[in-house]
Structure formats: structure tokens, C-alpha cells
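Chemist: Residues 1 to 228 in the working numbering are what the sequence shown lists, from first letter to last.
Cβ atoms here follow ideal geometry from the backbone N, Cα and C, with glycine treated the same way.
Sharing a structure, written as C-alpha cells. Questions coming.
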Amino acid sequence: MKKTNTILAIAGIFILAGGGIFYGLASSGETTGNSANEVVRKTSETLSAQPTKTPHSLEQAKIKQANSPVYIVKKGERVEDAFEYASVDDMEEKIPFKKNVKPIEAFTLKTGSIKKLRKGDTIVLPEINNIEYELKVSDRQKNADGSITLRAEIVDDDSISFSLMTEGQNTAFITLSSPEGTYQLEVYNGNGYVYDTNDIKRARIDYSKTDAMLPPHAEHTEHRGHEH
């Protein structure tokens with residue numbers, strides 16, 4: 001029998017969660033038994049047969065993900081039937097105009113349409129001078145008297161435009177600042193008018209008084225002229 005010189009070296013120790021497995025990696029120049037390659041092959045098969053355990057951190061992450069709450073983001077509601085066009089002349093029989101101001105449009109409003117709006121909702125206003133404005137609510141506030149005030153911006157408008165909408169029990173009031181002008185919408189018991197704010201400002205000046213058209217110092221200058 002041929003003598004075989006074998007050198008045995010311990011190359012490493014592997015510890016697994018399912019139990020400790022250790023092996024020695026043997027190598028030699030000549031061998032009549034299992035070669036080093038055979039030892040490695042059998043060791044690999046043994047390791048492959050062991051059940052694989054999920055690392056603790058990964059397992060915890062899976063549990064956390066499974067128990068995490070699911071948040072459903074509600075898409076904003078679009079309200080386009082809150083307002084309905086009405087004739088200015090017909091509406092005058094129901095509610096009077098603002099003093100010395102003729103409205104440019106008349107409409108009806110479904111009661112509660114403004115109150116129920118939430119942040120992210122949009123509402124379509126009645127046409128104003130043949131332009132339809134759609135407003136998106138950006139803020140909502142409940143007032144002490146129970147009325148609701150909303151701040152909104154015109155949809156798809158990059159200019160500095162905004163609207164304030166307030167609805168109470170029987171009344172509603174809307175201000176609109178747009179590139180085309182500024183307007184006021186006033187509603188009482190579901191019936192309303194659209195006014196141009198410039199018309200309202202002009203109506204506040206009492207042209208029946210001559211001094212109302214003069215600067216504050218002009219009246220005094222005029223009186224001094226009569227003294228001479």
C-alpha cells in the first residue's frame with residue numbers, strides 16, 4: 001500500500017442558528033481517501049439543506065409593514081351644479097337690487113352648497129360676463145356664528161387671484177378677484193346677484209352733493225374766492 005502523507009488544517013468554523021456545524025478543510029498532495037474537493041462538496045450540500053432564517057431586522061420590517069395603517073387619500077369633489085342662471089329682471093321681483101347698483105348677473109344657489117365644501121374641492125361659479133370661473137378650496141374655517149368661510153383660488157390661473165366664500169343659515173357672500181375684474185356675489189334665501197365692485201364703489205359717492213365731487217381743500221378755496 002502506498003503511503004500517503006496527509007496534512008490536516010482547520011480552515012474555519014461556521015455557526016448557524018439551527019445548530020453549530022463545523023468542518024475542516026483538508027488538503028494534501030496525494031490522498032487515497034476523500035479529496036479536499038469532496039470535503040468541500042459535501043459541506044456545501046449540508047449547508048444547503050439547512051433551513052434559511054430571515055434576519056431579525058428584516059422580519060421585524062415585514063411585521064411593521066403588515067401592521068401599518070393604510071391611508072386613503074380622497075380626491076377632491078367637483079361641484080358644478082350649485083348655481084343656476086336666472087334673469088336679472090325676474091330676480092328683481094324676488095329680492096331688490098343693492099341701492100343705486102344694477103347687478104350684471106342673477107342666479108340661484110342650492111342652500112348648503114358652499115358650507116359642505118372641504119379643502120381640495122372645487123366649485124363652478126355662475127358665468128360672469130360670459131366667463132366661467134372654477135374655484136378650488138385651499139382653506140376652511142368655521143365662524144362663531146356657525147357660518148363657514150372658505151378661501152379658494154381660480155383653477156389653472158397663474159395670476160394672483162383668489163376668492164372668499166361665506167355661507168350662513170340664509171345668506172351667502174362671495175368675493176372674487178380675477179384678471180378680468182373684481183366681483184361680489186350676494187345671496188339671500190338661495191337667490192342672488194353678481195355685482196361689479198367698481199359699480200358698488202361708484203354708488204357710494206353721493207353725486208347729489210356738489211362738494212362730494214371736490215377734494216377736501218377745494219371747498220375752502222372756493223369760499224375764500226367769494227370773500228373777495
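1. Is DSSP giving serine 90 helix, strand or coil here?
2. Given this structure, state the Cα-to-Cα distance separating serine 118 from asparagine 189, to the nearest angstrom.
3. Within the continuous alpha helix (DSSP H) that includes isoleucine 200, where are the two ends?
4. Taking only beta-carbon atoms, is glutamate 180 less than 8 Å away from chain B?
5. Comparing C-alpha positions only, which one of Thr171, Asp81, Asp139 sits nearest to tyrosine 133?
6. Please classify glutamine 141 as buried or exposed, where buried requires at least 16 neighbouring CB atoms within 10 angstroms.
7. Find out if the Cβ-Cβ distance for the pair isoleucine 128, glutamate 105 is shorter than 8 Å.
8. Measuring CA to CA, which of Tyr193, Glu180, Phe107 is closest to alanine 86?
9. Mind checking whether the beta-carbon of isoleucine 160 lies closer than 7 Å to any heavy atom of the ligand MG?
10. Report the rounded CA-to-CA distance for glycine 76 versus lysine 115, giving the unit in angstroms.
11. Compare the Cα-Cα distances from valine 137 to each of Asn130, Gly146, Gly120 and report the closest residue.
12. With distances taken from CA atoms, which of Thr111, Glu186, Ile205, Asn143 is nearest leucine 176?
13. With a threshold of 16 other CB atoms inside 10 Å of the CB of glutamate 84, please say whether the residue is buried or exposed.
14. Can you give me the Cβ contacts of valine 155 inside the same chain, cut-off strictly under 8 Å, excluding the 5 residues immediately before and after it?
15. Could I get the ranges of all uninterrupted beta strand (DSSP E) runs contained in the stretch 95 to 155, with 3 residues as the minimum, in chain order?
Modeler: On the basis of the coordinates in this document:
1. Looking at the sequence shown, residue 90 is not serine but aspartate. Of the three classes helix, strand and coil, the one that applies to aspartate 90 here is helix, per DSSP.
2. A small fix is needed here, since residue 118 is arginine in this sequence, not serine. Rounded to the nearest angstrom, the two C-alpha atoms are 22 Å apart.
3. Where isoleucine 200 is concerned, the enclosing alpha helix (DSSP H) stretches over 197 to 203.
4. Included in the structure is just one protein chain, with no chain B present.
5. Put simply, of Thr171, Asp81, Asp139 the residue whose alpha carbon is nearest the alpha carbon of tyrosine 133 is Asp81.
6. Glutamine 141 should be labelled exposed.
7. Closer than 8 Å, so yes.
8. Relative to the Cα of alanine 86, the nearest Cα in the group Tyr193, Glu180, Phe107 belongs to Phe107.
9. Ligands are entirely absent from the displayed structure, and the ligand MG is therefore not among its contents.
10. Computed Cα separation, rounded: 15 Å.
11. From the listed residues Asn130, Gly146, Gly120, the smallest Cα separation to valine 137 is found for Gly120.
12. Comparing Cα-Cα distances from leucine 176 to each of Thr111, Glu186, Ile205, Asn143, the minimum goes to Glu186.
13. Exposed.
14. Hits under 8 Å: Thr122, Glu134, Leu135, Lys136.
15. List check, beta strand (DSSP E) in window: 105 to 109, 122 to 124, 134 to 142, 148 to 154.
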